[in-house]
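Letter 132 of the sequence shown, counting from 1, is numbered 132 in the UniProt record's numbering, and no numbers are missing.
All C-beta atoms, glycine included, are put in the ideal place defined by N, C-alpha and C.
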Amino acid sequence: MPQITANQLQIEYEIFGDGPSAPAILLIMGLGAQLSRWNVELCEALVDRGYRVIRFDNRDCGLSSKLDEAGVPDVGKSLRTGQPLLAPYTLEDMAADSVGLLDALAIEQAHIVGASMGGAIAQIVAALYPQRVLSLTCIMTTSGHPDLPPPTRAASQALFAPLPAARDKESLVEDAIRRQLAVASPDFPSCPQRLRDLITEEHERAFHPRGVTRQLAAFLASDHRREMLQTIRAPTLVLHGAEDPLIPVACGHDVAAHIPGAEIKVIEGMGHDLPLALTDVFADAIAAVAQRAGR
Numbered sequence: 001m002p003q004i005t006a007n008q009l010q011i012e013y014e015i016f017g018d019g020p021s022a023p024a025i026l027l028i029m030g031l032g033a034q035l036s037r038w039n040v041e042l043c044e045a046l047v048d049r050g051y052r053v054i055r056f057d058n059r060d061c062g063l064s065s066k067l068d069e070a071g072v073p074d075v076g077k078s079l080r081t082g083q084p085l086l087a088p089y090t091l092e093d094m095a096a097d098s099v100g101l102l103d104a105l106a107i108e109q110a111h112i113v114g115a116s117m118g119g120a121i122a123q124i125v126a127a128l129y130p131q132r133v134l135s136l137t138c139i140m141t142t143s144g145h146p147d148l149p150p151p152t153r154a155a156s157q158a159l160f161a162p163l164p165a166a167r168d169k170e171s172l173v174e175d176a177i178r179r180q181l182a183v184a185s186p187d188f189p190s191c192p193q194r195l196r197d198l199i200t201e202e203h204e205r206a207f208h209p210r211g212v213t214r215q216l217a218a219f220l221a222s223d224h225r226r227e228m229l230q231t232i233r234a235p236t237l238v239l240h241g242a243e244d245p246l247i248p249v250a251c252g253h254d255v256a257a258h259i260p261g262a263e264i265k266v267i268e269g270m271g272h273d274l275p276l277a278l279t280d281v282f283a284d285a286i287a288a289v290a291q292r293a294g295r
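Printed below as a string of structure tokens:
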């Protein structure tokens, strides 16, 4: 996969579809998640629907630039004591990375799709760079308002639990699988071998927990976005799982309620992942809001 300089960082990316005249879809992934979490089947389904699809590694993740010189914020201390969390960068910085990638690829406008924390980043792109955004799709995400319901206890433990004492590859892969299964879709289970292969490949490609902590700090230190959402004018779709234990479905309703004209589609049996079984559901929904932009 190629790298390109965007926002003064090296960003690893991949493009599906070879038609430069096809409308672009930019996929923004969530906390600590590499570009491979946008599964190939979804990317190809969007290409089949007439789009050129870009997936990429966020800063501090995968093969994109690591910001180790910024240090590692003490997220645990902040959560325990309530002291302000000093994040080395912000979600706005990560939104600027996304726009910088579009600049580097000479893409004037794109349909923006974000999942989880990537959905928060996508919201910021749509609000701060409206001239670049044709449509917005927010998947399993939130406005970040403090009054919204928190994760379930099990999901919170999966997110914040320390890494295993043994740092060998097998232990870390098993730990990552347990965390994923804690938030996975109850009605659309992953093939166990496919999930193991994915997490093993991701571990071998780039294991960088310090970057995940910095990304988490950016997310936790971010103010809520309700007022920002009200400024978005791009056609918007919110996709959310009814059984999401990490970002409860009320958070998706809140996002849709604060973006003028936004639609929401709640998927029964879906948790906090992108099940392969829902590939056509996701692709059809993203294409439908993109077509609204064209009209």
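- 7 Å or more divides the Cβ of residue 217 from the Cβ of residue 23.
- Taking C-beta separations shorter than 6 Å and ignoring five residues to either side along the sequence, the partners of residue 175 in its chain run 164, following chain order.
- With a threshold of 16 other beta carbon atoms within 10 Å, residue 40 falls short and is exposed.
- When secondary structure is reduced to three states using DSSP, residue 169 falls in the helix class.
- Here the alpha carbon of residue 229 sits roughly 27 Å from the alpha carbon of residue 8.
- In this structure, DSSP gives residue 114 an extended state, which the three-state scheme calls strand.
- Your pair residue 136 and residue 126 checks out as a contact, with CB atoms roughly 5 Å apart and the cut at 8 Å.
- For residue 41, the enclosing alpha helix (DSSP H) begins and ends at 40–48.
- Secondary structure note for residue 134: its beta strand (DSSP E) is the uninterrupted segment 133–139.
- With respect to the C-alpha of residue 66, the residue from 107, 239, 215 having the closest C-alpha is 215.
- Inter-segment contact for the segment 188–197 and the segment 41–51 is absent: fewer than three beta-carbon pairs are separated by less than 8 Å.
- Excluding sequence positions up to five before and after residue 251, its CB lies within less than 6 Å of the CB of 142, 148, all in the same chain and listed in chain order.
- With 16 or more other Cβ atoms inside 10 Å of its own Cβ, residue 151 counts as buried.
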